[in-house]
Amino acid sequence: MIKRFTVLLLLAGVGTLFAGLLLGYSPDGELNATARYYADHTAPDIGAANIVTAIIVTYRGLDTLGEVTVLFLTAAIVGLVLARGRRRTRTEQRELPPSGELLTTGSRLLVPLILLLGVYVFVNGHLTPGGGFQGGAILASAILLMLLTDPLRRFSHRLISALESTSGLVFVGIGLLGVFFAGGFLDNRILPIGNLGSLFSAGVIPVIYSFIGLKVGAEFSSMLVSLSETEDS
Numbered sequence: 001m002i003k004r005f006t007v008l009l010l011l012a013g014v015g016t017l018f019a020g021l022l023l024g025y026s027p028d029g030e031l032n033a034t035a036r037y038y039a040d041h042t043a044p045d046i047g048a049a050n051i052v053t054a055i056i057v058t059y060r061g062l063d064t065l066g067e068v069t070v071l072f073l074t075a076a077i078v079g080l081v082l083a084r085g086r087r088r089t090r091t092e093q094r095e096l097p098p099s100g101e102l103l104t105t106g107s108r109l110l111v112p113l114i115l116l117l118g119v120y121v122f123v124n125g126h127l128t129p130g131g132g133f134q135g136g137a138i139l140a141s142a143i144l145l146m147l148l149t150d151p152l153r154r155f156s157h158r159l160i161s162a163l164e165s166t167s168g169l170v171f172v173g174i175g176l177l178g179v180f181f182a183g184g185f186l187d188n189r190i191l192p193i194g195n196l197g198s199l200f201s202a203g204v205i206p207v208i209y210s211f212i213g214l215k216v217g218a219e220f221s222s223m224l225v226s227l228s229e230t231e232d233s
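Structure, rendered in structure tokens:
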């Protein structure tokens, strides 16, 4: 009874807090100085049709680097913790129920399409909503589907780690090239900006997002594979 009362009291407090924020909310009549600068200068300076992408990858590139680092640490911690769990033996693996024919056939059809969609999302991140994080998550969903279809499937941790490490090093390397050959870390103008709205535009942003997508996809895949290989997961 006391626990239920505490939960209800907590929900009431949170509801009151959000109600106060909602009732007291009033939209700004105009953009602040920072937002106005982004809105006015992103397209001509960066060459990206997607303003959000330009802000995340260039103006606030260090934030993106920090987010990728946090995701890497999360994947590493998950792998370290699950490594202490008991792995399934071959006998235990054979006792797992087989996947249905519908799931198996659907996986063969959908996995290539999912991978293609993931690549499309992060390659076109400078033109349309999306980018490296979203595309990487889509790539990892293909790995998840394959694991659901065949629980006995094993992926190479060494290959996943190599892909994740290489993508991260290239990402940082591109950022350093911006310091030496452009205006600063992760400055996209080390390559020609091109024509606004075309695929080959926005300088090096499509390249950056491609490696971010591969890195994020490898990190999510590493966690999924570690979970699938641990009996008590």
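Mapping to the working numbering: the sequence shown position 88 is 88, numbers consecutive. Quick reminder that beta carbons are idealized off the backbone N, C-alpha and C, glycines included. All values reported here derive from a predicted model rather than from experimental measurement.
*With SER210 and PHE122 assumed to form a contact (beta carbons below 8 Å), what rounded beta-carbon distance in angstroms separates them?*
One-based indexing of the sequence shown puts residue 210 at position 210. One-based indexing of the sequence shown puts residue 122 at position 122. Yes, SER210 and PHE122 are in contact; Cβ-Cβ is about 6 Å, under 8 Å.
*Would you decide whether LYS234 is buried or exposed? Buried here means 16 or more other CB atoms lie within 10 Å of its CB.*
Absent from the structure is residue 234, since the part of the chain shown begins at 1 and ends at 233.
*Does the separation of the CB atoms of ALA270 and ALA48 fall below 7 Å?*
No answer is possible for residue 270: the residues shown for the chain start at 1 and end at 233.
*Please state if the CB of SER228 and the CB of ALA140 are separated by a distance shorter than 7 Å.*
Along the sequence shown, read from residue 1 onward, the residue named residue 140 stands at position 140. Along the sequence shown, read from residue 1 onward, the residue named residue 228 stands at position 228. Contact: no.
*Smallest Cα separation from LEU148: which of SER161, GLY130, LEU10 and LEU110?*
Numbered from 1 along the sequence shown, position 148 holds the residue referred to as residue 148. Of the listed residues, the one whose Cα sits closest to LEU148 is LEU110.
_Per-residue burial, PHE5 [other beta carbons within 10 Å of its own, 16 or more giving buried]_ = In the sequence shown, the residue the question calls residue 5 occupies position 5. Burial call: exposed.
*Terminal residues of the continuous alpha helix (DSSP H) containing PHE18?*
Counting from 1 along the sequence shown, the entry for residue 18 is found at position 18. From DSSP, the alpha helix (DSSP H) with PHE18 extends over 2–23.
*Which whole-angstrom value describes the C-beta separation of GLY66 and GLY175, a residue pair presumed to lie in contact below a C-beta threshold of 8 Å?*
Residue 66 sits at position 66 when you count from the first residue of the sequence shown. Residue 175 sits at position 175 when you count from the first residue of the sequence shown. In fact, because the Cβ distance is near 12 Å, the residues do not count as touching under 8 Å.
_Distance between beta carbons of ILE208 and PHE171, contact taken as under 8 Å_ = Along the sequence shown, read from residue 1 onward, the residue named residue 171 stands at position 171. Along the sequence shown, read from residue 1 onward, the residue named residue 208 stands at position 208. That pair is a contact at about 6 Å.
*Relative to the C-alpha of ILE212, which residue among THR53, LEU17, GLY178 and THR42 is closest?*
Against the sequence shown, residue 212 aligns to sequence position 212. It is THR53.
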